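Visitor: The structure's right below; bear with me while I get my questions together.
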Amino acid sequence: MVPEPNNWGRFGPDDQRGTLNLLNGPAVLSALRAAVTGQVVSLATPIGRKGPHLRGRPLPQHYMSIDGADFAAGARPVGAGLRMADDALIVSPHGTTTHMDALCHMWCGEELYNGHPAGEVRSYGAKKCGIDQVGGVVARGVLFDVPRHLGVDHLPAAHRISAAELAAIADVGPGDVAVIRTGWPLVWGRSPEEYWSGQPGLSAAAGRWLAERDVAVVAADNAAVGGLNSRQLADEDLEDDLHLILLHRHGIHLAEMLWLEELAAAGRTDFVFVAAPLRLQGGTASPLNPLAIL
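For what it's worth, the UniProt record's numbering labels the leading residue of the sequence shown as 1, then goes sequentially.
As structure tokens, this is what we get:
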């Protein structure tokens with residue numbers, strides 16, 4: 001069997017950023033030319049307990065640690081006339097909110113991306129390929145609005161996007177961010193049960209097509225970039241698993257659970273994509289508020 005192509009060693013033996021290395025100064029300046037109107041559109045799903053999420057994943061917990069009632073009861077004297085509010089957030093990014101996967105999120109065998117030892121992922125975090133290695137992402141974004149291309153509101157749960165479908169919509173080049181719209185988040189509004197019945201997503205061939213074009217990031221509005229079955233698991237074998245193709249072999253970061261409806265309504269195929277995950281040391285992911293500058 002011919003070995004699967006990969007980017008291991010391409011950016012040096014110590015590399016932990018993968019194709020994000022393509023986003024050098026000239027690439028960023030070139031990407032900024034994709035902005036025409038200056039309109040800024042958030043591509044994030046609001047964080048909360050009522051939004052789309054994978055069944056069984058812990059929902060975000062947001063609560064007020066200090067609120068107005070504390071002062072009304074006299075429990076929190078701060079100073080004459082001074083009042084304040086404070087809150088806390090507990091969130092497990094995977095499957096519950098818009099987030100970016102780190103290169104340490106998934107692997108096969110005993111090595112992470114670029115041959116880093118999988119044993120470096122410990123209970124206190126990953127010593128290699130954590131989300132803190134990402135920094136900021138400023139790139140040309142390219143929207144692949146597959147439902148619009150096919151004349152539907154959203155793709156059916158069993159649909160796996162082909163490389164031919166992507167090629168018919170747009171093309172991407174080195175350092176671009178491929179943004180994939182399935183429309184599946186629209187299903188949540190009418191039926192969580194239908195949302196949990198499966199999800200459309202990229203086929204393995206489409207993932208390889210994007211990897212061949214050297215994209216910096218693949219971002220999608222579904223929960224796993226690839227498709228999911230009714231058990232909310234991928235059906236592909238290890239060779240064709242989208243996370244292994246993109247994260248593990250090619251060092252392409254993934255952003256998942258985006259909200260792309262406003263971007264799609266704007267009718268723009270290319271734009272400036274901006275994202276900055278939290279510098280969570282050793283994190284396997286980070287909540288994200290990606291922005292499109294039109």
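Beta carbons: idealized from backbone N, C-alpha and C, even for Gly.
It should be emphasised that the depicted structure is a prediction, and the values quoted were computed from it without experimental measurement.
In whole angstroms, what is the alpha-carbon distance linking Val137 and Gly189?
Guide: If you number the sequence shown from 1, residue 137 lands on position 137. If you number the sequence shown from 1, residue 189 lands on position 189. Whole-angstrom Cα-Cα distance: 30 Å.
Visitor: Just curious, the beta strand (DSSP E) that Ile47 is in, first and last residue?
Guide: Position 47 of the sequence shown, counted from the start, is the residue given in the question as residue 47. Ile47 -> no beta strand (DSSP E), and no H or E assigned at all.
Visitor: CB Ala206 to CB Leu166, shorter than 8 Å?
Guide: Taking the sequence shown and counting its residues from 1, the one referred to as residue 206 is at position 206. Taking the sequence shown and counting its residues from 1, the one referred to as residue 166 is at position 166. Against a cut-off of 8 Å, the Cβ pair of Leu166 and Ala206 comes out as a contact.
Visitor: Got a sec? Which residues, its chain only, sit under 6 Å from Arg279 by beta carbon, not counting five neighbours each side?
Guide: Here residue 279 refers to the residue found at position 279 of the sequence shown. Same-chain partners within the cutoff: Asp132.
Visitor: Please state whether the Cβ-Cβ distance between Gly201 and Asn222 is less than 8 Å.
Guide: On the sequence shown, residue 201 is found 201 positions in, with the first residue counted as 1. On the sequence shown, residue 222 is found 222 positions in, with the first residue counted as 1. Contact: yes.
Visitor: Please state whether DSSP places Ser92 in a helix, a strand or coil.
Guide: Residue 92 sits at position 92 when you count from the first residue of the sequence shown. Ser92: coil per DSSP, three-state reduction.
Visitor: Is the beta carbon of Val272 sitting closer than 8 Å to the one on Gly141?
Guide: Along the sequence shown, one-based indexing puts residue 272 at 272. Along the sequence shown, one-based indexing puts residue 141 at 141. It is a contact, given that the beta carbons lie within the stated cut-off.
Visitor: Is the CB-CB distance between residue 295 and Pro277 below 8 Å?
Guide: The structure shown does not extend to residue 295, since the chain is modelled only from 1 to 294, so the question has no answer here.
Visitor: What does DSSP give as the partner residue(s) for Tyr63 in the beta ladder?
Guide: Position 63 of the sequence shown holds residue 63. Looking at the DSSP assignment, Tyr63 forms a beta bridge with Ala88.
Visitor: Using 10 angstroms around the beta-carbon of Tyr195, count the other beta-carbons present and answer buried if the total reaches 16, otherwise exposed.
Guide: Looking up residue 195 in the sequence shown gives position 195. Looking at its Cβ environment, which holds 16 or more other Cβ atoms inside 10 Å, Tyr195 is buried.
Visitor: Kindly say whether Trp8, judged by its beta-carbon, lies nearer than 8 Å to any beta-carbon of chain C.
Guide: Considering every chain present, this structure includes no chain C. It has just one protein chain.
Visitor: Identify whether Gln133 lies in helix, strand or coil by the three-state DSSP scheme.
Guide: One-based indexing of the sequence shown puts residue 133 at position 133. Note: Gln133 maps to helix in three-state DSSP.
Visitor: Which runs of the beta strand (DSSP E) fall wholly inside the segment 148 to 224 and span at least 3 residues, in chain order?
Guide: Segments of the beta strand (DSSP E) lying fully in the segment 148 to 224: 177 to 181, 217 to 220.
Visitor: So, is Ala102 buried or exposed, given that buried needs 16 or more other C-beta atoms within 10 angstroms?
Guide: For the purposes of this step, residue 102 is taken as residue 102 along the sequence shown, with counting starting at 1. Result: buried.
Visitor: Does the beta-carbon distance from Gly9 to Gly125 come in below 8 Å?
Guide: As a working note, residue 9 is residue 9 in the sequence shown. As a working note, residue 125 is residue 125 in the sequence shown. No; because the gap between Cβ atoms is not below 8 Å, this pair is not in contact.
Visitor: Just to confirm the assignment, what range does the alpha helix (DSSP H) spanning residue 326 have?
Guide: Outside the displayed span of the chain (1 to 294) sits residue 326, for which this structure offers no information.
Visitor: Between which two residues does the alpha helix (DSSP H) carrying Ala27 extend?
Guide: Reading the sequence shown from its first residue, position 27 is the one you call residue 27. It spans 25 to 32 - the alpha helix (DSSP H) in which Ala27 sits, taken as one unbroken run.
Visitor: Considering only DSSP beta bridges, list what Arg140 is partnered with.
Guide: Taking the first residue of the sequence shown as position 1, residue 140 is located at position 140. Val272.
Visitor: Might you give, ordered along the chain, the residues of its own chain that have their beta carbon closer than 7 Å to the beta carbon of Ser92, omitting 5 neighbours on each side?
Guide: Translated into positions along the sequence shown, residue 92 becomes position 92. Only Arg57, Pro58 meet the Cβ criterion.
Visitor: For Met1, which three-state DSSP category applies?
Guide: Indexing the sequence shown from 1 puts residue 1 at position 1. At Met1 the pLDDT is 43, less than 50, meaning the model places this residue with poor confidence; the figure from the coordinates comes in the next sentence. The answer is coil: DSSP assigns Met1 none of H, G, I, E or B.
Visitor: Reducing DSSP to helix, strand and coil, say where Ala102 ends up.
Guide: Residue numbering aside, residue 102 sits at position 102 when the sequence shown is read from its first letter. In the structure shown, Ala102 sits in coil (DSSP, three-state: anything other than H, G, I, E or B).
Visitor: Use the C-beta contact count for Glu256: other C-beta atoms within 10 angstroms, 16 or more gives buried, fewer gives exposed.
Guide: The count along the sequence shown starts at 1 and reaches residue 256 at position 256. Buried is the call here.
Visitor: Which stretch, first to last residue, makes up the beta strand (DSSP E) that contains Ala292?
Guide: Sequence index remark: in the sequence shown, residue 292 carries index 292 (1-based). Residues 291 to 293.
Visitor: Just curious, the alpha helix (DSSP H) that Ala266 is in, first and last residue?
Guide: Against the sequence shown, residue 266 aligns to sequence position 266. Element bounds for Ala266: 261 to 266.
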